[in-house]
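**Q** Okay, handing you the structure first.
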Amino acid sequence: MPPISNLQVHEVVNNELIIKLRQTEIRLKQMQSFEAKNESHIALSVAEIQKLQLENSILRLQNMSVNGQLKGLSSSLALSNATCQRLQEEVLSLRLSLEKANQLRLNAQRDVNELKSKFEVAMQVQVVCLKGEDQARGQLNAALKELEAMKEELANQNQRENDKSVQQDCSGSTMSFKKHYLKYVVGGIVIFGLAVAVIVLAVEVARLSDELNNKNPEEPWKTNYRLPEQLIPDYYVVNIHPNMETSKFTGSMFLYVDINDGSLNYLPIHQKGLTITNPTIASVDKINGRVLRNIEVASYLEVPENEFFVILPKEALSPGKYKVSLEFSGSLDQPELVGIYSSEYAVSQSGSEEKRKLVTSKFEPTYARRAFPCLDEPDKKATFKISLVKPKFENDKWSALSNMNVDSTRPGPGENEETVTFKFTEKMSTYLAVFIVSEFTHEEATAQNSNGQPFPVRVYGREFPDLTESKLTYPLDVAKNVVEYYINFFGIDYPLPKLDLIGIPDFVSGAMENWGLITFRETNLLVDEKNDAISNIQQVGSVISHEIAHMWFGNLVTMKWWDDLWLNEGFASFMEYKALDKYKPEYKMLDQFLVSDLQPVLALDAQLSSHPIIQPVAHPDQITEIFDTITYSKGCSVIRMLEGILGEKVFQTGVSEYLKTFKYSNAVTQDLWKSLTAAASTAGLGIDVATVMDTWTLQMGFPLINVSYDATSKIATVKQSRFFGSPNAKKSASAAKESPFNYAWEVPLTYFTYDDQVNAKKQWLKKDQQSVDIPIDTPNFKFNSRQIGFYRVNYDVETWKKLINTLNDKTITYSTDRSSLIDDVFSLADGQYVEYSLALDLLLYVKIEEDYVPWSTAASKLLKLLPFMRDRPAELNFKKLAKDLVAERYDALTWNAEADEQHLTKRLRSTILNLACSCDNADCLAGAAEPFKIWIADENAKGDVNVRQQMYNFGMQSEGHKDTNWETVWARYLKEKDPQEKLKLMTSLTHVSSTYHLNLYLERAKNESYVRGQDYFSVLQYMSDNPLGSSIVWNFVRDQWQYLVDRFTLNSRSLGRLIPRITQNFNTQTRLDEMKAFFAKYPDAGAGASARAQALEKPPV
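The opening residue of the sequence shown carries number 1 in full-length UniProt numbering; numbering runs sequentially from there.
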């Protein structure tokens, strides 16, 4: 019988506590669900009051004079006292119910806390056990051998010793096993005492095992979802043979692993969906890899719940190096577009069309195991020797691509086939491997490392023979310039011998940073600067910059586990702005950061359904779910704030040192903080980065900075409190997730006065400070310069008035500061910190605004309110207000572009047109309808590409349901090969004002020959934005949920994100009840658990 360790016993006890903890947490969630139900009723009542208040504000503004003076509305528009009284009584009644629910929740919370305490004690005991585990195990084995030798003697002594008491202690201390038991053996019978102790331990383990659902501690592959720490991969030799005709692939693999710090009696390897045969294990020489002896395999099994293939050797694998050999096969038909899969695309030339296929892969986060058996965790880094089989015909264009350059080629294994073997990779995580077989063309440039060493940069894509301009030239130029920028910024040369980028027709993500061969969705890579919209061109530049940043952040240095995913994605998201701003300064990317990342994630993070940047994850569903806006956008926003604290030079120095220290290895967030703290110390800043940044990464949400200015003392008193995006969230805060910092932050305040807006002043507001007093000589100031800080600012009434005046007289210099004022005041109104009338007063200044960033913020706020005004008395008044605000800018821009317009002017035009047409500006709608009708008659008359999407959308809205117009656009969509133009047409089809055509589109979209799987959810989302389509899509999703799950699986993050997107404009009790009923009917959310919580939390308007 194998020895039973103290650690195993405590692991079982811990598991028991965990189960009890989870049961109590389930009870807690039930209480919270009851509480949430009451909260939702309160929210709806409060929301009704707030909607009426907003209507009041909007109506009041309609009667303003030409010079902007506001007049009060007539008393007939005020809310009736009876209505308010009824709503208040309703709120009071519901609050009483809420108090009862709160008491039940508190009782459940106490149970959770008690179990947590027990669990923490057990964990401490386990740590102690761990320290002496190996020594105790060895001594126990020796004792058991001695026991066997003395078996006969023990039998004779058994009767004599029965009346002697024997005690045991399994504290797991580091004393020897024999000494441990000598203390408790009565009469000096050492060996018998050991035997009794072993038996008692075995019985206890068996008892606990039965209680814990028959989970056998001798089967750790069932109880542990993580790989053993002592299992360390060295290198893989992987051979993949895809067959595009049969949509199958076969493969073989050698994996060389080291086992450190203790033996293993099982060998777990990740796999999912593979058929594995002929597993073998051999002990090999550590130096040269020569086989020393074969290890006989007793059996092997699959563990689907943990996605393991487990090999059970007949003997324990002691510390040393081993070679694991496997053969495997799988399917290339993967509707989820993950693992290794095949894709089909069309190439047209001179009217004829040819269907072609390719094989590609997508492994992040946990999909490498679907292509080949592997140790699929980010800290299990290894090198890879990859071979791919590709078709081989005379004068063909087939190529095989992987992370590295080609090492060799050889004929076979079959006729018309060739095996391509690539050089060994650098040490990297499994999710960064990549396999591609295609007939793509490419363009090439040469980049240089800091030492002058050149390396090739190539962009691959399918051929577009009918296009006059290449779609590879611009992305190639971006890639070359950006990679050289990063080489200089990080102070580290590009680590690989080549950098390839390739556009894939079917790709589930925006892009994937495979080391040395980055894969993209076609619309995120392939553009033509002369013929594509400036928004598409900028998007391509951003995505390329993001992915190349990963060659350092994520690939060279990788997070140790997925809970630190933000180290990869947050940094890449931040660096993409810096790199593209350097390459294309006219884009003003650092200004655009506000409207692309910062402001949207501030709105999301103000909800109770948010989560900390760093959060524990385990199951693959949880892992894929955290690839979300918080990880990407909040991650890059707090990094931007940190650079503002340290200064660019110190920040750059610390980041470079971090990368150099952990290259080809793994790191955690605290490692980055240490490197940045050291750089700050060297620069004399004296900032402990961890103390500051832990408050931003380990708790969700952010602070509201309240500024009150005393003109007499000339003191601004600044306080912080947690910001809530809605009154409902504020009232429910007591039920929110606990915070290690009690929702207080280390806040880097910045502010400027109007006479010096360049040199912002700095002041810390510490998490343990009630307030801070700041002397400011003038009442003319603004906090959060350039909106660098991840917080919102509210002012006293007089200061708000001064800010509004400065906006109207163009005193505030920077567009980012004007944008942040719009963003803050509307968000404060959403949360009922200020009246909507104040927000609308401030917004009046946009009549004179000429810059893209503030207008982008203003348009987003107005368009967010529009659906909540629909079909209400205030709708016409709201649209009239919006049309009045946008009129001057619309008249200045219209649909006609100037030849030499600046980049942001082009972006502004599309924003203004979208807002004007959405608010029923008659001239704008006519400006879309007339060219749309011309284009219907002549498909070559597409007009200005930078406003083509608006022309398609609003032309379809007014003209699409007439005659055969919708079918004409559908036919053009089907035959379009340019991915950028095809996406525009696909989007426009959802804007038709006809329920018949919307339902027809939903049915046709199921066919992948019409709508690719990667685009399917986009169709549903765009259609849900159509007032006629919202109900149609919601009913479709509820009726067809099982179809969606069967096609895409619950692990799909795209499916998980669908619900909050299509329900974002719901604001009635009926819709809320429908969502709850739907979630109750289908309780398994997979990768959409957080998204469901977000969908139920509606910000009131």
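Beta carbons: idealized from backbone N, C-alpha and C, even for Gly.
Computed from a predicted model, the values in this text were never measured in an experiment.
#1: Would LYS380 pass as a contact of GLY339 if the rule is Cβ separation under 9 Å?
#2: Kindly provide the ranges of any beta strand (DSSP E) runs that are 3 or more residues long and lie completely inside the segment 736 to 824, ordered along the chain.
#3: Starting from the Cα of PHE1036, find the closest Cα among GLY1013, ARG1012, ALA1005, SER1009 and give me that residue.
#4: Only counting the same chain, and skipping five residues up and downstream in sequence, which positions put a Cβ closer than 6 Å to that of PRO465?
#5: Once the 5 residues before and after PHE651 are set aside, which same chain residues still bring their CB inside 8 Å of it?
#6: Assign ILE492 to one of three DSSP states: helix, strand, or coil.
#7: In or out: LEU28 buried (at least 16 other Cβ within 10 Å) or exposed?
#8: Run through the DSSP bridge pairs and tell me what GLU443 is partnered with.
#9: How would you write the range of the alpha helix (DSSP H) that ALA887 sits in, first residue to last?
#10: Taking the alpha helix (DSSP H) that HIS903 belongs to, which residues open and close that run?
#11: Whose C-beta lies closer than 7 Å to the C-beta of TRP1041 among residues of the same chain, with five residues either side of it excluded?
#12: Would you report the Cα separation of ALA1093 and SER609, rounded to the nearest angstrom?
#13: Of all the options ASN555, MET700, ASP506, which has the alpha carbon lying nearest to the alpha carbon of ALA667?
#14: Okay, do the segment 734 to 748 and the segment 826 to 840 touch, 3+ Cβ pairs below 8 Å being the bar?
#15: Taking the alpha carbon of ARG1057 as the reference point, which residue from GLU1074, SER1018, ASP1025, SER1030 has its own alpha carbon closest?
#16: Quick one: using the 10 Å Cβ neighbour count with 16 as the cut-off for buried, is SER1090 buried or exposed?
#17: Going residue by residue through the segment 297 to 332, where are the continuous beta strand (DSSP E) segments of at least 3 residues, counting only ones entirely within it?
#18: With contact counted as at least three CB pairs below 8 Å, one residue from each stretch, are the segment 847 to 867 and the segment 879 to 893 in contact?
#19: Would DSSP call residue 1142 helix, strand or coil?
#20: Using the Cα positions of ASP796 and THR717, report the straight-line distance between them to the nearest angstrom.
#21: Could you name the residues of the same chain whose beta carbon sits closer than 8 Å to that of LEU885, not counting the 5 residues immediately before and after it, in chain order?
#22: Pull up the distance between the alpha-carbon of LEU1096 and that of GLY789, whole angstroms please.
#23: Using the DSSP secondary-structure output, state which residues sit across from GLU930 in a beta bridge.
#24: Could you give the distance in angstroms between the alpha-carbon of LYS584 and the alpha-carbon of VAL482?
#25: For ASP710, which of PRO779, GLU875, THR275, ASN449 has the nearest alpha-carbon?
#26: Would you say ILE544 and PRO475 are within 9 Å of each other, going by their C-beta atoms?
#27: Quick one: what does DSSP say ALA1095 is sitting in, helix, strand or coil?
#28: Are the Cβ atoms of SER399 and GLU439 separated by less than 9 Å?
#29: Which residue wins for smallest C-alpha separation from VAL601, given the options MET700, ASN405, THR653?
#30: How would you call SER713, buried or exposed, if buried means at least 16 neighbouring beta carbons within 10 angstroms?
#31: What does a CB cutoff of less than 7 Å around LYS369 pick up in its chain, not counting 5 residues either side in sequence?
#32: Does the beta-carbon of GLY351 have 16 or more other beta-carbons within 10 angstroms, so that it is buried, or is it exposed?
#33: For the candidate residues THR1063, ARG1038, GLU1003, ARG1012, whose alpha-carbon lies nearest to that of SER1024?
#34: Once DSSP output is grouped into helix, strand and coil, what is the label at LYS1081?
#35: Can you give the Cα-Cα distance for PHE553 and ASP963, rounded to whole angstroms?
#36: When the Cα of ASN514 is compared with those of LYS588, MET404, ILE537, which residue comes out closest?
**A** Reading off the structure:
#1: Result no, Cβ atoms of LYS380 and GLY339 do not sit closer than 9 Å.
#2: Taken in chain order, the complete beta strand (DSSP E) segments of 3 residues or longer contained in the segment 736 to 824 are 747 to 753, 756 to 765, 772 to 775, 781 to 783, 792 to 795.
#3: Distance from the Cα of PHE1036 is smallest, within the candidate group GLY1013, ARG1012, ALA1005, SER1009, for ALA1005.
#4: Excluding sequence neighbours, PRO465 sits near GLN349.
#5: Cβ-Cβ distances below 8 Å link PHE651 to LEU642, GLU643, LEU676, ALA679 in the same chain, with the five nearest sequence neighbours on each side left out; the list follows chain order.
#6: In the structure shown, ILE492 falls within a coil segment according to DSSP collapsed to helix, strand and coil.
#7: The predicted position of LEU28 is uncertain, since its pLDDT is 49 and thus under 50; a value taken from the coordinates is nonetheless stated next. A residue is called buried once 16 or more other Cβ atoms fall within 10 Å of its Cβ, and LEU28 is buried on that count.
#8: According to DSSP, which records beta bridges pairwise, GLU443 is partnered with VAL459.
#9: Run containing ALA887: 874 to 893, per the alpha helix (DSSP H) assignment.
#10: Here the alpha helix (DSSP H) through HIS903 covers 903 to 918.
#11: Contacts found: TYR1082.
#12: When rounded, the distance between both Cα atoms is 6 Å.
#13: Nearest of ASN555, MET700, ASP506 to ALA667, Cα basis: ASN555.
#14: In short, these stretches do not touch, since the Cβ pair count stays below three.
#15: Here the closest residue by C-alpha is SER1018.
#16: It is buried - the Cβ of SER1090 has at least 16 other Cβ atoms within 10 Å.
#17: Qualifying beta strand (DSSP E) stretches, in chain order: 297 to 303, 308 to 313, 320 to 331.
#18: With three or more CB-CB distances shorter than 8 Å, the segment 847 to 867 counts as touching the segment 879 to 893.
#19: The structure shown does not extend to residue 1142, since the chain is modelled only from 1 to 1101, so the question has no answer here.
#20: Cα-Cα distance, rounded: 10 Å.
#21: The answer, listed in chain order, is LEU843, LEU844, VAL846, LYS847, ALA858, LEU862.
#22: Cα-Cα distance, rounded: 29 Å.
#23: Bridge partners of GLU930: none, in fact.
#24: Distance between the alpha carbons of LYS584 and VAL482: 10 Å.
#25: Per the Cα distances, PRO779.
#26: In this structure, PRO475 lies closer than 9 Å to ILE544 by Cβ.
#27: Assigned with DSSP and collapsed to three states, ALA1095 falls in helix.
#28: The answer is yes: Cβ separation under 9 Å.
#29: Of the candidates MET700, ASN405, THR653, the one whose C-alpha sits nearest the C-alpha of VAL601 is MET700.
#30: Burial check for SER713: the Cβ neighbour count within 10 Å stays below 16, so the residue is exposed.
#31: The displayed chain sequence assigns Arg, not Lys, to residue 369. Sequence-distant partners of ARG369 (beyond 5 residues in either direction) whose C-beta falls short of 7 Å from its own C-beta, in its chain, are HIS270, GLN271, LYS272, GLU307, ASP376.
#32: Counting Cβ neighbours within 10 Å, GLY351 comes out exposed, since fewer than 16 surround it.
#33: Residue THR1063 is the option with its Cα nearest to SER1024.
#34: Taken through DSSP and simplified to helix, strand or coil, LYS1081 comes out as helix.
#35: Straight-line spacing of the CA atoms in PHE553 and ASP963 works out to 54 Å.
#36: Nearest option by C-alpha distance: MET404.
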